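K.L.:
Heads up: the sequence shown begins at 103 in the numbering used here, then just goes up one per residue.
Using N, Cα and C, we set each Cβ at its ideal position, and we do this for glycine too.
In this text the structure is predicted, and so the values were computed from the model without any measurement.
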Amino acid sequence: MKLTPLNDAHVALGAKMVPFAGYSMPVQYPTGIKAEHAAVRERAGLFDVSHMGEFIVRGPEALGLIQKISVNDASIIEVGQAQYSAMCLETGCVIDDLIIYRFPDQFMLVVNASNLSKDWAWVSKHANDFEVEVTDVSEKTALLALQGPHAREILRPLASLNVDEVKYYRFAEGEVAGVPAVISGTGYTGEDGFELYIPAERAEELWTTLLDVGGGLGLVPAGLGSRDSLRLEVGYALYGNDLDEEHTTLESGLGWVTKLGKEYFVGQEALASQKKEGVTRRLVGLRLTGKGFPRPGYEVIADGEVVGKVTSGTVSPTLGYGVALAYVPVELSKVDTELQ
Numbered sequence: 103m104k105l106t107p108l109n110d111a112h113v114a115l116g117a118k119m120v121p122f123a124g125y126s127m128p129v130q131y132p133t134g135i136k137a138e139h140a141a142v143r144e145r146a147g148l149f150d151v152s153h154m155g156e157f158i159v160r161g162p163e164a165l166g167l168i169q170k171i172s173v174n175d176a177s178i179i180e181v182g183q184a185q186y187s188a189m190c191l192e193t194g195c196v197i198d199d200l201i202i203y204r205f206p207d208q209f210m211l212v213v214n215a216s217n218l219s220k221d222w223a224w225v226s227k228h229a230n231d232f233e234v235e236v237t238d239v240s241e242k243t244a245l246l247a248l249q250g251p252h253a254r255e256i257l258r259p260l261a262s263l264n265v266d267e268v269k270y271y272r273f274a275e276g277e278v279a280g281v282p283a284v285i286s287g288t289g290y291t292g293e294d295g296f297e298l299y300i301p302a303e304r305a306e307e308l309w310t311t312l313l314d315v316g317g318g319l320g321l322v323p324a325g326l327g328s329r330d331s332l333r334l335e336v337g338y339a340l341y342g343n344d345l346d347e348e349h350t351t352l353e354s355g356l357g358w359v360t361k362l363g364k365e366y367f368v369g370q371e372a373l374a375s376q377k378k379e380g381v382t383r384r385l386v387g388l389r390l391t392g393k394g395f396p397r398p399g400y401e402v403i404a405d406g407e408v409v410g411k412v413t414s415g416t417v418s419p420t421l422g423y424g425v426a427l428a429y430v431p432v433e434l435s436k437v438d439t440e441l442q
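(1) For S414, list the residues DSSP reports as bridge partners.
(2) State buried or exposed for S226, treating a residue as buried only when at least 16 other CB atoms are found within 10 Å of its CB.
(3) Of the choices A188, V322, V425 and P282, whose alpha-carbon is the least far from that of G337?
(4) Leaving out five residues before and five after Q185 in sequence, what residues of the same chain have Cβ atoms less than 6 angstroms from its Cβ?
(5) Could you compute how far the alpha carbon of F395 sits from the alpha carbon of G134?
(6) Taking the alpha-carbon of P132 as reference, which of G399, S328 and K436 has the nearest alpha-carbon?
(7) Just reading off the alpha helix (DSSP H) that L334 is part of, what are its end residues?
(8) Would you grab the beta carbon distance between L385 and D346 for me? Rounded to a whole angstrom, and I think it's under 8 angstroms.
(9) Helix, strand or coil for Q169? Go by DSSP, reduced to three states.
(10) What are the residues that DSSP puts in a beta bridge with S126?
(11) Taking all protein chains shown into account, decide if M210 is buried (16 or more other Cβ within 10 angstroms of its Cβ) or exposed.
(12) Where L319 and A339 are concerned, what is the direct C-alpha to C-alpha distance, given to the nearest angstrom?
(13) Suppose the cutoff is 7 angstroms on Cβ atoms and the five residues either side in sequence are ignored; what does the same chain contact list for G462 look like?
(14) In three-state DSSP terms, what is D150?
(15) For S216, does the three-state DSSP call read helix, strand or coil?
(16) Measuring straight from C-alpha to C-alpha, what distance separates L257 and E297?
(17) From the DSSP output, in three-state form, read off D198 for me.
(18) From this set, D330, L312 and T237, which residue's C-alpha is nearest L427's C-alpha?
(19) So P398 packs on G415, CB below 8 angstroms; how close in whole Å?
(20) So for T311, helix, strand or coil by DSSP?
(21) Going by alpha carbons, who is nearest to K364 out of V284, N264 and A176?
(22) What residue range does the alpha helix (DSSP H) around A374 cover?
(23) Does the ligand NAD have a heavy atom nearer than 7 angstroms to the CB of E307?
(24) For D150, which residues of its own chain have a beta-carbon under 6 angstroms away from its beta-carbon, when the five flanking residues on both sides are left out?
(25) Would you call the CB atoms of R254 and Q183 closer than 8 angstroms?
(26) Tell me, to the nearest whole angstrom, how far the beta carbon of F205 is from that of V181; I am working on the premise that it is less than 8 angstroms.
(27) Would G295 and Q249 be called neighbours here (beta carbons separated by less than 8 angstroms)?
(28) What would DSSP say about A176, mapped onto helix, strand or coil?
(29) With burial defined as no fewer than 16 other Cβ atoms inside 10 Å of the residue's Cβ, what is the status of D314: buried or exposed?
(30) Within 10 angstroms of the Cβ of Y270, are there 16 or more other Cβ atoms? Answer buried if so, exposed if not.
(31) In or out: K170 buried (at least 16 other Cβ within 10 Å) or exposed?
(32) DSSP state of S226, grouped into three classes?
(33) Per DSSP, what are the beta-bridge partners of Q183 in this structure?
Below is the structure:
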């Protein structure tokens, strides 16, 4: 079991540690998932997401490689901008979803921890066709997510740059409390906030500083439990639950990042064919009208027949009712369709 650079800090805070994607990760702190969730929605929460993977791609054909393996159009990414995308098999099914960052002289790909080895093999395989250098910097990089309406106020006095200029899906290089950082206007909660890519050896130092400085503004450490309930409330998909190698980007709600008109990418032909013929199933959001906890694997029923299964589900702490994601036949995917 791998440990993040913040493992000792989590244990000292009394976190409940659980296995996740090969790492020992905090699922919650003594305050509990609901309190952490509410803090992020109302004030701010600090997450350790250092288990995520980071690959650096540089060289004269770096963009060419990324265009081949990514469904989105990376050619339109400006320096200082990030882009959400996905990598696909030839079938159009999803290998992983990722974020691509464009620096002046390189790109950074941020991938899911559970897919790190698979993604590295896939990127490395295709890199052989291009004049590029690809480096896995995951072990050297820690990632802190400062999320919530007070995140900007907490970060402002600590940053060496004007964080108000770091807009959504933009980033800048600077320092936070003296720690070198890529300050990114991204997150997985649906709230305003930042993700801070920092040297792994400085992670505990910055974690402690942020909690000390942000405490007066209601900042609390937050674990995987609240991260999951927060992302579900806004309908963000999780690889391994809602995204996988059995469903295409068009079925998975990622059609908006699938640019079929750009230059060739892996999976393009299959996806173009599927778009022409029309998808037969689609990932949808569900709201429970009664009591209950919609757990992954629960059957979705229409007219007495099983038409799908829940891929992710929880009782929303903010809304007070069950919310879920599930794949259903396309004819049942319209808003306000009633299912069981």
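P.N.:
Result, derived from the coordinates:
(1) Here residue 414 refers to the residue found at position 312 when the sequence shown is read from its first residue. Within the DSSP bridge table, the entry for S414 names L427 as partners.
(2) Reading the sequence shown from its first residue, position 124 is the one you call residue 226. Exposed, by the Cβ-count rule.
(3) Residue mapping note: residue 337 aligns to position 235 of the sequence shown, counting from 1. The residue with the shortest Cα to Cα distance from G337 is V425.
(4) Counting from one through the sequence shown, the residue named residue 185 turns up at place 83. Taking Q185 as the centre and dropping the five residues before and after it, the same chain places the C-beta of N174, I179 and I202 closer than 6 angstroms to its C-beta, in chain order.
(5) If you number the sequence shown from 1, residue 395 lands on position 293. If you number the sequence shown from 1, residue 134 lands on position 32. If you take the alpha carbons of F395 and G134, they lie about 18 angstroms apart.
(6) The count along the sequence shown starts at 1 and reaches residue 132 at position 30. Proximity to P132 across G399, S328 and K436 peaks at S328, based on C-alpha coordinates.
(7) Here residue 334 refers to the residue found at position 232 of the sequence shown. For L334, the uninterrupted alpha helix (DSSP H) run begins and ends at L326 to E335, by DSSP.
(8) Taking the sequence shown and counting its residues from 1, the one referred to as residue 385 is at position 283. Taking the sequence shown and counting its residues from 1, the one referred to as residue 346 is at position 244. About 11 angstroms separates the two Cβ atoms, so there is no contact after all.
(9) As a working note, residue 169 is residue 67 in the sequence shown. Three-state DSSP puts Q169 in a helix.
(10) The residue labelled residue 126 in the question sits at position 24 within the sequence shown. DSSP output for S126 lists L105 and P121 as bridge partner(s).
(11) Counting from 1 along the sequence shown, the entry for residue 210 is found at position 108. With 16 or more Cβ atoms within 10 Å of its Cβ, M210 is classed as buried.
(12) Locating residue 319 in the sequence shown gives position 217, counting from the first residue. Locating residue 339 in the sequence shown gives position 237, counting from the first residue. Distance between the alpha carbons of L319 and A339 is about 30 angstroms.
(13) Limits of the chain in this structure are 103 at one end and 442 at the other, which puts residue 462 out of reach.
(14) Position 48 of the sequence shown, counting from 1, holds the residue named residue 150. Three-state DSSP puts D150 in a strand.
(15) Residue 216 sits at position 114 when you count from the first residue of the sequence shown. Residue state, collapsed to three classes: helix.
(16) Within the sequence shown, residue 257 is the residue found at index 155, counting from 1. Within the sequence shown, residue 297 is the residue found at index 195, counting from 1. Cα to Cα, the separation comes out at about 11 angstroms.
(17) Looking up residue 198 in the sequence shown gives position 96. Strand, per DSSP.
(18) Position 325 of the sequence shown, counted from the first residue, corresponds to residue 427. Looking at the Cα atoms, D330 is the closest of the given residues.
(19) By one-based count along the sequence shown, residue 398 stands at place 296. By one-based count along the sequence shown, residue 415 stands at place 313. Indeed, because the Cβ distance is near 6 angstroms, the residues count as touching under 8 angstroms.
(20) Here residue 311 refers to the residue found at position 209 when the sequence shown is read from its first residue. T311 falls in the helix class under three-state DSSP.
(21) Numbered from 1 along the sequence shown, position 262 holds the residue referred to as residue 364. Sorting V284, N264 and A176 by C-alpha distance to the C-alpha of K364 places A176 at the top.
(22) Mapped onto the sequence shown, residue 374 falls at position 272. Note, A374: alpha helix (DSSP H), Q370 to E379.
(23) Because no ligand of any kind appears in the structure shown, any question about the ligand NAD cannot be addressed here.
(24) Start at 1 with the first residue of the sequence shown, and residue 150 comes out as number 48. Closer than 6 angstroms at the Cβ level, and outside the excluded window around D150, lie T106 and L108.
(25) In the sequence shown, the residue the question calls residue 254 occupies position 152. In the sequence shown, the residue the question calls residue 183 occupies position 81. With a cutoff of 8 angstroms on beta-carbon distance, R254 and Q183 are scored as not near each other.
(26) The residue you call residue 205 lines up with position 103 of the sequence shown. The residue you call residue 181 lines up with position 79 of the sequence shown. Between F205 and V181 the beta-carbon gap is near 7 angstroms, inside 8 angstroms, which marks them as a contact.
(27) Position 193 of the sequence shown, counted from the first residue, corresponds to residue 295. Position 147 of the sequence shown, counted from the first residue, corresponds to residue 249. Between G295 and Q249, the C-beta gap is smaller than 8 angstroms, which places the two residues in contact.
(28) Counting from one through the sequence shown, the residue named residue 176 turns up at place 74. Collapsing the DSSP output to three states places A176 in a helix.
(29) As a position in the sequence shown, residue 314 is number 212, starting the count at 1. Looking at its Cβ environment, which holds fewer than 16 other Cβ atoms inside 10 Å, D314 is exposed.
(30) Here residue 270 corresponds to residue number 168 of the sequence shown, with the count starting at 1. The residue in question, Y270, is exposed, as its Cβ has fewer than 16 Cβ neighbours within 10 Å.
(31) Here residue 170 is taken as the residue at index 68 of the sequence shown, counted from 1. Per the 10 Å Cβ criterion, buried.
(32) In the sequence shown, the residue the question calls residue 226 occupies position 124. Residue state, collapsed to three classes: helix.
(33) Along the sequence shown, read from residue 1 onward, the residue named residue 183 stands at position 81. Looking at the DSSP output, Q183 bridges to R272.
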